Amino acid sequence: MKQKASKTKRLKYDDVYMINPLIDIAFKKIFGVEANSDILISLLNSIVSEEDQISEIEILNPYNERNFKKDKLSILDVKARNKHTGTYFLVEMQLADELDYHKRGLYGWARVYSNQIGARGRCRDLKRTIAIHILNFTAIDYEKEKGW
117 MKQKASKTKR LKYDDVYMIN PLIDIAFKKI FGVEANSDIL ISLLNSIVSE EDQISEIEIL
177 NPYNERNFKK DKLSILDVKA RNKHTGTYFL VEMQLADELD YHKRGLYGWA RVYSNQIGAR
237 GRCRDLKRTI AIHILNFTAI DYEKEKGW
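In terms of this note's numbering, the sequence shown opens at residue 117 and continues consecutively.
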């Protein structure tokens with residue numbers, strides 16, 4: 117089977133067109149629905165450490181609710197929680213490099229982490245929150261960042 121490479125939304129294998137799984141909506145349909153939780157578990161387990169391995173996962177609403185009317189709405193590609201440990205997993209697929217992407221990623225993570233406890237919650241109740249960003253660009257220029 118010959119694949120014609122393209123940055124478009126469709127991939128062509130011989131005479132069959134397929135949706136590119138790296139496109140936002142396709143990625144969400146593959147990894148962000150309960151019916152495909154086994155696929156998400158496989159992806160996450162191939163990335164995370166031995167201590168964070170998952171056997172059962174709950175797919176969550178990817179919208180991080182606003183606490184105040186003027187708050188910026190944060191939407192993730194996939195948000196899930198390990199049913200046994202309570203660890204949160206955030207997965208983002210980003211094809212295009214955009215200005216301040218690293219800040220947007222951190223903002224999404226911070227919203228999930230901080231929204232785990234209410235006004236009377238205790239910090240010790242916060243669960244581990246792991247963000248995985250699959251990028252089609254270099255996010256960190258290591259040559260520039262050596263001075264950290």
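Ideal Cβ positions, reconstructed from N, Cα and C, are used throughout, including at glycine. Bear in mind the structure is a predicted one, so any value in this text is a computation, not a measurement.
When DSSP builds the beta bridges, which residues end up paired with residue i?
{"i": "A247", "result": "L206"}
{"i": "A196", "result": "I175, F205"}
{"i": "S162", "result": "Per DSSP, none; premise fails for S162."}
{"i": "S153", "result": "According to DSSP, which records beta bridges pairwise, S153 is partnered with nothing at all."}
{"i": "N180", "result": "S190"}
What are the boundary residues of the beta strand (DSSP E) that includes residue i?
{"i": "I135", "result": "132-135"}
What does a CB cutoff of less than 6 Å around residue i pick up in its chain, not counting 5 residues either side in sequence?
{"i": "V194", "result": "F147, G148, V207"}
{"i": "K120", "result": "Only weak support exists for where K120 lies, its pLDDT of 48 falling under 50; the value from the coordinates is given anyway. Within the same chain, K120 has close Cβ partners K128."}
{"i": "S109", "result": "The question about residue 109 has no answer, for the chain in this structure spans 117 to 264."}
{"i": "N252", "result": "L211"}
{"i": "F205", "result": "L160, A196, I246"}
{"i": "I266", "result": "Since the first residue shown for the chain is 117 and the last is 264, residue 266 is missing from the structure and cannot be characterised."}
{"i": "R244", "result": "T203"}
Can you tell me where the alpha helix (DSSP H) holding residue i begins and where it ends?
{"i": "V228", "result": "217-230"}
{"i": "A142", "result": "140-147"}
Beta-carbon within less than 8 Å of residue i's beta-carbon, same chain only, minus the 5 sequence neighbours each way: which residues are those?
{"i": "V132", "result": "none"}
{"i": "N177", "result": "K195"}
{"i": "D241", "result": "Q232, I233"}
What is the C-beta distance between residue i and residue j, in whole angstroms, given that I count them as a contact (C-beta under 8 Å)?
{"i": "Y217", "j": "A255", "result": "7 Å"}
{"i": "K199", "j": "I157", "result": "The pair is not a contact, with the Cβ atoms about 11 Å apart (cut-off 8 Å)."}
{"i": "S190", "j": "I175", "result": "17 Å between Cβ atoms; not a contact."}
Within a Cβ cutoff of 7 Å, which residues of the same chain sit near residue i, ignoring the five residues on either side of it in sequence?
{"i": "G221", "result": "E208, A247, H249"}
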